[in-house]
Structures are given as structure tokens and as C-alpha cells.
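S.K.: Take a look at this one; I'll ask things after.
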Amino acid sequence: MTYASINDYGVIGNMRTVALVSCAGSIDWMCFPHFDSPSIFGALLDDEKGGRFRIHPVWGGGKSKQLYWPDTNVLITRFLSAEGVGEIEDFMPCTDEFTKANNMLIRRVRVVRGSLKFELVCEPAFDYARAAGRTHIVKNGAMFEGPGLSIALSSDQPLVATDRGARAEFSLNVGESTTFVLHRAAGCDLAPSGGRAQILFEETVHYWRRWLSKCTYRGRWREEVQRSALLLKLLTFEPTGAIVAAPTCSLPEELGGVRNWDYRYAWIRDAAFTVYALLRVGFTDEASSFVDWLVARCRESTGDPPLQIVYGVHGEIDLREVTLSHLDGYRGSRPVRIGNAAHTQLQLDIYGELMDSVYLVNKYGTPISYDLWVQLRRILDWVCENWRLPDEGIWETRGGRKQFVYSKLMCWIALDRGLRLSDKRSFPANRERWLSQRDAIYEDVMTRGWSDRRRSFVQYYGGDAIDASNLLMPLTFFVSPVDPRMIDTLAAVTRCPADGGLLSDGMVYRYDTGNPSDGLTGQEGTFNCATFWLVEALTRLGRSDRAKLEEARLLFERMLGYANHLGLYAEQTSDAGDALGNYPQALTHLALISAASNLDRTLDGHA
Numbered sequence: 018m019t020y021a022s023i024n025d026y027g028v029i030g031n032m033r034t035v036a037l038v039s040c041a042g043s044i045d046w047m048c049f050p051h052f053d054s055p056s057i058f059g060a061l062l063d064d065e066k067g068g069r070f071r072i073h074p075v076w077g078g079g080k081s082k083q084l085y086w087p088d089t090n091v092l093i094t095r096f097l098s099a100e101g102v103g104e105i106e107d108f109m110p111c112t113d114e115f116t117k118a119n120n121m122l123i124r125r126v127r128v129v130r131g132s133l134k135f136e137l138v139c140e141p142a143f144d145y146a147r148a149a150g151r152t153h154i155v156k157n158g159a160m161f162e163g164p165g166l167s168i169a170l171s172s173d174q175p176l177v178a179t180d181r182g183a184r185a186e187f188s189l190n191v192g193e194s195t196t197f198v199l200h201r202a203a204g205c206d207l208a209p210s211g212g213r214a215q216i217l218f219e220e221t222v223h224y225w226r227r228w229l230s231k232c233t234y235r236g237r238w239r240e241e242v243q244r245s246a247l248l249l250k251l252l253t254f255e256p257t258g259a260i261v262a263a264p265t266c267s268l269p270e271e272l273g274g275v276r277n278w279d280y281r282y283a284w285i286r287d288a289a290f291t292v293y294a295l296l297r298v299g300f301t302d303e304a305s306s307f308v309d310w311l312v313a314r315c316r317e318s319t320g321d322p323p324l325q326i327v328y329g330v331h332g333e334i335d336l337r338e339v340t341l342s343h344l345d346g347y348r349g350s351r352p353v354r355i356g357n358a359a360h361t362q363l364q365l366d367i368y369g370e371l372m373d374s375v376y377l378v379n380k381y382g383t384p385i386s387y388d389l390w391v392q393l394r395r396i397l398d399w400v401c402e403n404w405r406l407p408d409e410g411i412w413e414t415r416g417g418r419k420q421f422v423y424s425k426l427m428c429w430i431a432l433d434r435g436l437r438l439s440d441k442r443s444f445p446a447n448r449e450r451w452l453s454q455r456d457a458i459y460e461d462v463m464t465r466g467w468s469d470r471r472r473s474f475v476q477y478y479g480g481d482a483i484d485a486s487n488l489l490m491p492l493t494f495f496v497s498p499v500d501p502r503m504i505d506t507l508a509a510v511t512r513c514p515a516d517g518g519l520l521s522d523g524m525v526y527r528y529d530t531g532n533p534s535d536g537l538t539g540q541e542g543t544f545n546c547a548t549f550w551l552v553e554a555l556t557r558l559g560r561s562d563r564a565k566l567e568e569a570r571l572l573f574e575r576m577l578g579y580a581n582h583l584g585l586y587a588e589q590t591s592d593a594g595d596a597l598g599n600y601p602q603a604l605t606h607l608a609l610i611s612a613a614s615n616l617d618r619t620l621d622g623h624a
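Taking the numbering used here, I'd label the letters of the sequence shown as residues 18 to 624.
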């Protein structure tokens, strides 16, 4: 076996966890039972030791393709050869608590032309391959036992034990099919389940289509927006309303590099942006669930600062970073990390993103409660006291705290949205204090965050490096898109890196990793989310400058070309166009939704 490309995977899930399925029919990543639980299949991070669940034809040659069942998260992997055509139908039922609680994963194999021989290999590697497991072949399947966890594979085909799990070979002729179901061992019947699987398939298809029917987007890029929305829904942890940044950990931002992080947690920032994106296209229930999760975090918090930047899906606060030295990493990219030390960082921007999302939920979703307002008022008073502090910033740099411009911008957003929300709902507020501090932040950013030499807003006070996060200034209504300072900032960002800019072949780097040092070695790819931010910034400028609108549309269309075969994006893109970083990433897809929505409206002549 060799490593598949990061963008070679489809994703299925049930709002508890996900599985990544390669074009070769191999599940190479799955955490069990939840997003941030230890992996049971982790070949993505170690091809030899990580564990996988693979079904693939035994053939001399052929090709494979993947597609989603229309308007769903049901994945079809097709194998095409002269001897026959077969397909695997992969899905996780999400229609009732029983199937979700047991994390039932169904793999149906069928042949639609000719005949094919298949091989199945199911070799779980418990606890990130740190723990040995035991395999028991039983009637109608196999049982896999690891420390504190037992899973079962129900099978229509006879299985035999291997050193690491179970294996089967079987042949199918045209019109024949067979079913495999992976699930918790406790409480599930190990019986052939082809008939039941068909019912669950139909229910799952209906579930996703019913959910997607709420989408209000009817624009030019409907397929791309709907796929992004379906992905964001998959990354929602339904029991608590948390939204994870990505379902993977330690996929590298540079092959062979050290920028490998665990994204399987709920960042305040990413979740708030996701709520905004879902609200834009009509999904209000997820926004309300996020507010419930947020209320729980506010009630738990008694410290200084009032909120962490990131939590576990159940609200866990200890996300201690650990290196898994026994794993080789994706294509040798070490270290492999679980947990995230960023949970101890100070990132002032989260309060702006939080208040912006709450403001929008109150406006377009469910009005917030007085009890939540009391907690938010406490947070805003803290922002008034602390916005002048240096912090680690949106990119979670490890080179020391600085006076990041984006962090100040978002503190302004926090107070501005707090004032708007208090006026909208007539909530009691420390209005004069919030107003005076909001205005002080604005003057501070305009004075200290602007460089006359660079003719641009900069990354941090006293420096002259530029940063893609400042593209959000017109998107959040901090400055007008036609303000001369913003036009100059756009001009600075869209220069090539050799000329001090961040744009390379239509793709945006988030910042220059070496100027100044961010505390890490190596480089990274272009940041997909930032490219969509540029599209939206140009779109807003394009309302008064048609040439900029055309530029925005071309950049957007080019960016769509960097999605994988299923319309999914990782965090970053390499110079060669390959996916880098954790995958699929919520931040990229929510930025796509926002950019598509605004670009559509502007092209149609709406303000």
C-alpha cells in the first residue's frame, strides 16, 4: 500500500464521527465513537500500523471513481474494468438514536456489469495504534476487542482471522450484492443485514434530502454551495451543538514538515463562522444548537479570559497536546500530534466572531435569552478591559504574543455587535463604556495598524508584514470596501510574494511564515479560506468597479477548480495544486458559501 493523496478521499458521517473513504475503497481514517475519540482506522497517518477497512477488486488493472448519491452524504465508489463494473455504497445511518449511538457504518458491494472478485481487509488499530486488539471470528462476522472498546463487523461473507483483524475474498456477478456493517459490539445483532441495510439506505437518503431542502440558495453555484452545506452539517456534533474545524489530525501543511495539528475540536471562531454561513443559506436549527453549546460554555466559565478559544465536542477544556512518536505521519510528516496546545492561548478575536454570530442568530434565527445576554455582557465588559493586550492571534502563532491588527478589529466587532444587539432587544447594557471603547479601538487600528510605507493595513502594530485576515475588514463593515485604505490593502495583498504580496496564481497565502518568524520551521501552502475572502472583498469593491467584480468571478471559478472530485477542500493547497492540511476543513467551505452568496447577489445587481 501507498498513501493516497489527501484529496483522494470522500467523507461520510452521522454527526457523531466521520469516516474517510479513498477512491481505492479503503477507510483510512475513522475515530470511534466521536470526532475527538482515538482512531480505530488511521492508515492516513501511518500506512503500515494505522489500521484500515478496505474493500477492493482483485484485478490486474482498472480505474475507480467516486460520487455522492444526489443531495446526500451517501458515497459511491465505482470500480471499472473490462471484466466488470462494481461499486461500494458507503454511508452512516443518521435517522434514529440506535444507529447513531452505535455508529453504524454500512458498506454495500454490488456488481452492475460482468463479474468481479473482491478482497476485504478489516484491521482496526485501537487507540491510535497504541493498543493491541483481539479478533474473534463468529457466526455472521467478527468481533474486534480493544481496551475499553469492542466493535463488530457483520458480514454476509465468511471471514477469516489475520494477524491484525479479519479478511475475506468473494466474487459477485452482475446483479449480485453483499453487505458489511461495522458497529459497536454491544447491543447489536451479528446477523446478515442486507434487507435492513436497504431500509436504512432509503431512510438516510431521505434524511439528507429533507435537510438539504431547507437550503435557500438558488444561485449560480448551487451544487458547490449545497455540497459545502452538507459537509458543514457532517462536522456538527449533534449531541451538544459543537462544530469541529475538521475531522482529521496532523495532516501536514507541508509534506515532511512539522506544521501538523489536531483540528477535531470546536473552535469558537470556526463554529461562529460556520453558523454565519449556514444562516446565509437557510439553516437556522444548527445555529440555535450552537447557541445552546455556547450558553453551556459561558455558564461553565469563571476564569480570565472568560472563554477558551477551543473545546472538546462535549465542552472539555483540557486538550493537552501529545506527540504520537510511534506513527510515521502522512508520507513521513512528523510529528503526529493529538490534542492542541492552542487551547491555552489568548486569542482576542474570538469575541468578535462570537458576538457577530450571536447577533445574526438573534436576527435571523431564534432570539437569544436574557440569561445568555447576562453572560455576553460580562464578556463585553472583559473586552473593554483587555483589548489592548497582545495575543497569539487568529493563526495561533507560536512565536510570542503581538498586537495583531485582526485581533483589535474583532474586539471592535464584539463591542459593535453588542451595542446593536442591546438596541435591537432593548437589553440593559453598559452602553457608554462599550461605545467609548469601540471608538477607541477604531482610532487605534487606523493609527497603529496602518503602514504608510506599505500602503496597507499590516499584521501587527509596529511591523510591516501583511496578513490575509485583514481582508475581512470590509466583510465585517469595519471599513467601506471603497475606502482608499482598503483599496490599497487589496492592492498589497494581490501582489506576488516576490513583491511583498500574498497572491500566487490566484491563491492567497495567509501571511509570510518567515517574515516575521511565527515560531515554527518550514513553509505552508496557500490558505483556501483566504482565497475566498479575497473573492468576497473584491466582490464588494466590484459594486462600484465592474472590473473588480469580473476579477472576483474569475478568481472564484478558478478556486472551484482546486476542489477534489467530490467538491471538497482541505485547509491549504500546494504549489502543485495538491491538498495540504486537515481535511475536509469547515473554514474553507463556509467561506465558499459566503463568497458564492455575495458574488451572486452582486452579479444580479443587488446591493
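Glycine included, each C-beta is placed from N, C-alpha and C at the ideal position. A quick note: this is a predicted structure, and the numbers were derived from the prediction, not measured.
Would V327 and L336 qualify as a contact pair, given that the criterion is a beta-carbon distance under 8 Å?
M.R.: For V327 and L336, yes; Cβs fall inside 8 Å.
S.K.: So, with DSSP's three-state summary, where would you put K82?
M.R.: DSSP places K82 in strand when its eight states are reduced to three.
S.K.: Count the other C-beta atoms from every protein chain shown that fall within 10 angstroms of the C-beta of K380, then say buried if there are 16 or more, exposed otherwise.
M.R.: Under this definition K380 is an exposed residue.
S.K.: Let me confirm a value: A149 is counted as buried when at least 16 other C-beta atoms fall within 10 Å, else exposed. Which label applies?
M.R.: Looking at its Cβ environment, which holds fewer than 16 other Cβ atoms inside 10 Å, A149 is exposed.
S.K.: Distance, Cα to Cα, P209 vs H360?
M.R.: Any reading at P209 must be qualified, since the residue scores a pLDDT of 47, below 50, and its modelled position is unreliable; the value itself is stated next. Looking at the two C-alpha atoms, the distance is approximately 45 Å.
S.K.: Sort out for me which residues DSSP pairs I105 with in a bridge.
M.R.: According to DSSP, which records beta bridges pairwise, I105 is partnered with T94, V126.
S.K.: On the CB-based measure, 16 or more other CB atoms within 10 Å of its CB, does A554 come out buried or exposed?
M.R.: With 16 or more other Cβ atoms within 10 Å, it is buried.
S.K.: What would DSSP say about M32, mapped onto helix, strand or coil?
M.R.: It is coil, neither helix nor strand.
S.K.: Cα separation between R348 and Y20?
M.R.: Near 7 Å, if we compare the C-alpha coordinates of Y20 and R348.
S.K.: The alpha helix (DSSP H) spanning D287 covers which residue range?
M.R.: Run containing D287: 285 to 297, per the alpha helix (DSSP H) assignment.
S.K.: So, is T548 buried or exposed, given that buried needs 16 or more other C-beta atoms within 10 angstroms?
M.R.: Buried, because 16 or more other Cβ atoms sit within 10 Å of the Cβ of T548.
S.K.: For D433, which residues in the same chain have their Cβ closer than 6 Å to its Cβ, ignoring the five residues on either side in sequence?
M.R.: Counting only Cβ-Cβ distances below 6 Å, and skipping sequence neighbours, we find R455.
S.K.: Which runs of the alpha helix (DSSP H) spanning at least 4 residues fall entirely within the stretch 365 to 430, listed in chain order?
M.R.: Entirely contained in the stretch 365 to 430, the alpha helix (DSSP H) runs reaching 4 residues are, in chain order, 367 to 381, 387 to 403.
S.K.: Apply the 10 Å Cβ neighbour rule to R69 and answer buried if 16 or more other Cβ atoms are within range, or exposed otherwise.
M.R.: The residue is buried, with at least 16 neighbouring Cβ atoms inside 10 Å.
S.K.: Reducing DSSP to helix, strand and coil, say where C315 ends up.
M.R.: Residue state, collapsed to three classes: helix.
S.K.: For E140, I'd like the list of residues in its chain whose CB is within less than 8 Å of its CB, leaving aside the five on either flank, ordered along the chain.
M.R.: If we look at E140 and ignore the five residues flanking it on each side, its Cβ neighbours are G68, R69, F70, T179, R181, G182, A183.
S.K.: Under the DSSP definition of a beta bridge, which residues are partnered with M160?
M.R.: In the DSSP output, where bridge partners are listed per residue, M160 has H153, A169.
S.K.: Expressed to the nearest angstrom, what Euclidean distance is found between the alpha-carbon atoms of G594 and L406?
M.R.: Rounded to the nearest angstrom, the two C-alpha atoms are 38 Å apart.
S.K.: If you run the structure through DSSP and keep just helix, strand and coil, what is Y528?
M.R.: If DSSP states are grouped into helix, strand and coil, Y528 belongs with coil.
S.K.: Helix or strand or just coil, what does DSSP make of W278?
M.R.: Of the three classes helix, strand and coil, the one that applies to W278 here is coil, per DSSP.
S.K.: Where M427 and R448 are concerned, what is the direct C-alpha to C-alpha distance, given to the nearest angstrom?
M.R.: Approximately 18 Å, taken between the alpha carbons.
S.K.: I need the straight-line Cα distance from P501 to I260, nearest angstrom please.
M.R.: C-alpha separation (whole angstroms): 37 Å.
S.K.: Excluding the five sequence neighbours on either side, which residues of its own chain have a C-beta within less than 8 Å of the C-beta of S338, listed in chain order?
M.R.: For the sequence presented, residue 338 should be read as Glu rather than Ser. Excluding sequence neighbours, E338 sits near D279, R354, I355, G356, N357, A358.
S.K.: Which residues in the same chain as G274 place their Cβ atom closer than 8 Å to its Cβ, once the five residues preceding and following it in sequence are excluded?
M.R.: Here the set comprises S350, T538, G539, Q540, E541.
S.K.: Helix, strand or coil for H360 per DSSP?
M.R.: Helix.
S.K.: Hey, how far is the Cα of D192 from the Cα of D88?
M.R.: Reading the sequence as shown, one finds Gly at residue 192 and not Asp. Cα-Cα distance, rounded: 25 Å.
S.K.: Report the rounded CA-to-CA distance for H153 versus G30, giving the unit in angstroms.
M.R.: Whole-angstrom Cα-Cα distance: 27 Å.
S.K.: So E186 is in the beta strand (DSSP E); what residue range does that whole segment cover?
M.R.: Where E186 is concerned, the enclosing beta strand (DSSP E) stretches over 183 to 190.
S.K.: Give the straight-line distance between the Cα atoms of A99 and S534, rounded to the nearest whole angstrom.
M.R.: Cα-Cα distance, rounded: 55 Å.
S.K.: With DSSP collapsed to three states, give me the class of P209.
M.R.: Any answer about P209 is weak, because its pLDDT of 47 lies below 50 and its placement is not dependable; what the coordinates show is given next. Here P209 sits in coil by DSSP.
S.K.: What are the boundary residues of the alpha helix (DSSP H) that includes H606?
M.R.: 603 to 620 is the extent of the alpha helix (DSSP H) around H606.
S.K.: Assuming the contact rule is C-beta atoms closer than 8 Å, Y526 and T543 should be a hit. Round their C-beta distance to whole Å, please.
M.R.: So it is a contact: roughly 5 Å between Cβ atoms.
S.K.: For R201, which option in A508, M109, F135, Y387 has the closest C-alpha, if you only look at C-alpha atoms?
M.R.: When each option's Cα is compared against that of R201, the closest is M109.
S.K.: Among Y423, D366, S22, which residue has its Cα nearest to the Cα of A396?
M.R.: Note on residue identity: the sequence assigns Ile, not Ala, to residue 396. The residue with the shortest Cα to Cα distance from I396 is D366.
S.K.: Which whole runs of the alpha helix (DSSP H) in the stretch 425 to 466 are 4 residues long or more, in chain order?
M.R.: Those alpha helix (DSSP H) runs which fall completely within the stretch 425 to 466 and span 4+ residues are 448 to 465.
S.K.: Could you tell me the alpha carbon to alpha carbon distance between F52 and A564, rounded to whole angstroms?
M.R.: Cα-Cα distance, rounded: 44 Å.
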